[in-house]
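A.B. asks:
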Ligand SMILES: C[S@@+](CC[C@H](N)C(=O)[O-])C[C@H]1O[C@@H](n2cnc3c(N)ncnc32)[C@H](O)[C@@H]1O
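Numbering (our numbering), first residue to last: -10 to 395.
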């Protein structure tokens, strides 16, 4: 391992020797110049600029994408991610001057990608975000004072037909969110405001502080908080999060604006098995991380956003959702599904183009997927996944397969 990561491993109480052997860090350093543990990369760097515009379970560490793109591709080339998720590859490719194409099923994930990667008139964006914030602050002040001049004519409160929103938010938080939602369409940068509201809604749910990623039931009473090691109160407002995330979002967009290049970013929403990429597009390579079998429900993890904005739910087209489990049939479906996406979306990848697939392949499904997709494996790297979000602190190893399109 690199000296800096060894020191970090000992700080986190990890067995460096075990990681070195299991991940073959010596090979990673020799071939890639990096041991791929990223243990010495601080949280603020892992979530730098737009990478933390919105939480998203199961995204890449940007540094991992950077190492591979830089080693195997050149400025001006075009890279595809057929499972683009929150858009990490698109952002990192752009910083390196590489064009990118992303395909993603979930409409909300596509919104996150667009907001991360769009070009902005920054003064206009900042003015709009500040204006919306001022308005929701006034609304909240009135709400807590018991007056209601900012409600639509003749209404005593904002209503919603969503049982989910009524169940998972305190009355005040819900009113603040519904007010903010009601003004979003007045702004040119409405998608940015949607992301701010969604991120705030996620934090304002009636959930214990230690279980943001997979809450089980709403908390309405004081509870013992494992994260803060004290009793905590359930969250009753959304305003403090809208406050916190409004200017943070603008700051992050500005930071990326100062790094971005002229390279193009194309985003396609759809099921990767039948989405149509532009016929004349030539793709030089692929860097992707497909959903794994039976681990995450990608729509469900952002249920608050679907309920707030009414985006269509396309869960039934998700490949390998957690809710379907990991039975033999589900694994077979998974193999067909991923191979279907690869076959369809790799049609424009040039022959001998390199395809990198990051996967925790504990069921050894990728050799079959490669065979069905016309890919030939030329190498595989291993890396430990040591620090996950919130309490989801599983430790495991993942592979980065290097295939060639034949
Ligand atoms: C592991 S995540 C990718 C995360 C991404 N690397 C990032 O950094 O954000 C896999 C993604 O595949 C998407 N997905 C699942 N089924 C799909 C399908 N049939 N077509 C396209 N995308 C799909 C999920 O919505 C999810 O966002």
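Ideal Cβ placement from N, Cα and C applies to all residues, glycine included. Keep in mind it's a predicted model, so treat the numbers as computed, not measured.
What's the C-alpha gap between residue 9 and residue 343?
C.D. replies: Taking the first residue of the chain shown as position 1, residue 9 is located at position 20. Taking the first residue of the chain shown as position 1, residue 343 is located at position 354. Whole-angstrom Cα-Cα distance: 26 Å.
A.B. asks: Report yes if the CB atom of residue 321 is closer than 8 Å to the CB atom of residue 283, and no otherwise.
C.D. replies: The residue labelled residue 321 in the question sits at position 332 within the chain shown. The residue labelled residue 283 in the question sits at position 294 within the chain shown. Against a cut-off of 8 Å, the Cβ pair of residue 283 and residue 321 comes out as no contact.
A.B. asks: Give the straight-line distance between the Cα atoms of residue 119 and residue 130, rounded to the nearest whole angstrom.
C.D. replies: Mapped onto the chain shown, residue 119 falls at position 130. Mapped onto the chain shown, residue 130 falls at position 141. C-alpha separation (whole angstroms): 16 Å.
A.B. asks: Below 8 Å on the Cβ atoms is my guess for residue 58 versus residue 235; work out the distance and round it to an integer in Å.
C.D. replies: In the chain shown, the residue the question calls residue 58 occupies position 69. In the chain shown, the residue the question calls residue 235 occupies position 246. Residue 58 to residue 235, Cβ: 32 Å. No contact.
A.B. asks: Shorter than 8 Å from the beta carbon of residue 145 to some beta carbon of chain D?
C.D. replies: Absent from the structure: chain D. Only one protein chain is present.
A.B. asks: Would you mind reading off the limits of the beta strand (DSSP E) that contains residue 393?
C.D. replies: Here residue 393 refers to the residue found at position 404 of the chain shown. Per DSSP, residue 393 belongs to the beta strand (DSSP E) from 385 to 394.
A.B. asks: Let me make sure I understand the geometry here. Which of 374, 178 and 199 has the alpha-carbon closest to that of residue 112?
C.D. replies: What you label residue 112 is simply residue 123 of the chain shown in a count that begins at 1. Checked all of 374, 178 and 199; the closest Cα to residue 112 is 178.
A.B. asks: Given this structure, state the Cα-to-Cα distance separating residue 176 from residue 297, to the nearest angstrom.
C.D. replies: The residue labelled residue 176 in the question sits at position 187 within the chain shown. The residue labelled residue 297 in the question sits at position 308 within the chain shown. About 17 Å.
A.B. asks: Assuming residue 160 contacts residue 224 under a Cβ cut-off of 8 Å, what Cβ separation, rounded to an integer in Å, is found between them?
C.D. replies: For the purposes of this step, residue 160 is taken as residue 171 along the chain shown, with counting starting at 1. For the purposes of this step, residue 224 is taken as residue 235 along the chain shown, with counting starting at 1. Wrong, their Cβ atoms sit about 12 Å apart, outside the cutoff.
A.B. asks: Going along the chain, which unbroken runs of the alpha helix (DSSP H) with 4 or more residues stay wholly within the segment 46 to 134?
C.D. replies: 51 to 61, 77 to 84, 96 to 106 and 111 to 134, all fully within the segment 46 to 134.
A.B. asks: Determine the DSSP secondary structure at residue 342, reduced to helix, strand or coil.
C.D. replies: Taking the chain shown and counting its residues from 1, one reaches residue 342 at position 353. Of the three classes helix, strand and coil, the one that applies to residue 342 here is strand, per DSSP.
A.B. asks: Taking the DSSP output, what are the residues bridged to residue 337?
C.D. replies: Position 348 of the chain shown holds residue 337. Beta-bridge pairing links residue 337 to no other residue.
A.B. asks: Can you confirm whether the segment 298 to 317 touches the segment 356 to 365 when touching is taken to mean that 3 or more C-beta pairs between the two stretches lie within less than 8 Å?
C.D. replies: no
A.B. asks: Is it true that the segment 80 to 88 meets the segment 244 to 255, where meeting means three or more beta-carbon pairs spaced less than 8 Å apart?
C.D. replies: yes
A.B. asks: If you drop the 5 nearest sequence neighbours on each side, which residues of the same chain put their C-beta closer than 8 Å to that of residue 334?
C.D. replies: Numbered from 1 along the chain shown, position 345 holds the residue referred to as residue 334. If we look at residue 334 and ignore the five residues flanking it on each side, its Cβ neighbours are 69, 71, 92, 261, 264 and 266.
A.B. asks: Let's test the definition: count the other Cβ atoms within 10 Å of the Cβ of residue 101 and tell me whether it reaches 16, buried, or not, exposed.
C.D. replies: Counted from its first residue, the chain shown places residue 101 at position 112. Residue 101 is buried by the Cβ-count criterion.
A.B. asks: To the nearest angstrom, how far is it from the Cα of residue -9 to the Cα of residue 26?
C.D. replies: On the chain shown, position 2 is the one that residue -9 refers to. On the chain shown, position 37 is the one that residue 26 refers to. The straight-line gap from Cα to Cα measures roughly 9 Å.
A.B. asks: Please confirm whether any heavy atom of ligand 1 lies closer than 7 Å to the CB of residue 256.
C.D. replies: Your numbering for residue 256 matches position 267 in the chain shown. No, ligand 1 has no heavy atom inside 7 Å of this Cβ.
A.B. asks: Roughly how many whole angstroms lie between the Cα atoms of residue -3 and residue 17?
C.D. replies: Translated into positions along the chain shown, residue -3 becomes position 8. Translated into positions along the chain shown, residue 17 becomes position 28. CA-CA distance, residue -3 to residue 17, rounds to 18 Å.
A.B. asks: Pick helix, strand or coil for residue 379, following the three-state DSSP scheme.
C.D. replies: In the chain shown, counting from the first residue as 1, residue 379 sits at position 390. Low per-residue confidence applies at residue 379: pLDDT is 42, beneath 50, and the placement is therefore not dependable enough to give any value.
A.B. asks: Just the C-alpha distance for residue 371 and residue 45, rounded to the nearest angstrom, thanks.
C.D. replies: On the chain shown, position 382 is the one that residue 371 refers to. On the chain shown, position 56 is the one that residue 45 refers to. If I take the Cα positions, the gap works out to 23 Å.
A.B. asks: Based on Cα-Cα distance, which residue from 139, 154, 189 and 199 lies nearest to residue 172?
C.D. replies: Position 183 of the chain shown, counted from the start, is the residue given in the question as residue 172. Taking only the C-alpha atoms, the option nearest residue 172 is 139.
A.B. asks: Is residue 78 close to ligand 1? I mean its beta-carbon at under 7 Å from any heavy atom of the ligand.
C.D. replies: For the purposes of this step, residue 78 is identified with residue 89 of the chain shown, where counting begins at 1. Under cutoff, so the answer is yes.
A.B. asks: Report the rounded CA-to-CA distance for residue 74 versus residue 290, giving the unit in angstroms.
C.D. replies: The residue labelled residue 74 in the question sits at position 85 within the chain shown. The residue labelled residue 290 in the question sits at position 301 within the chain shown. The straight-line gap from Cα to Cα measures roughly 12 Å.
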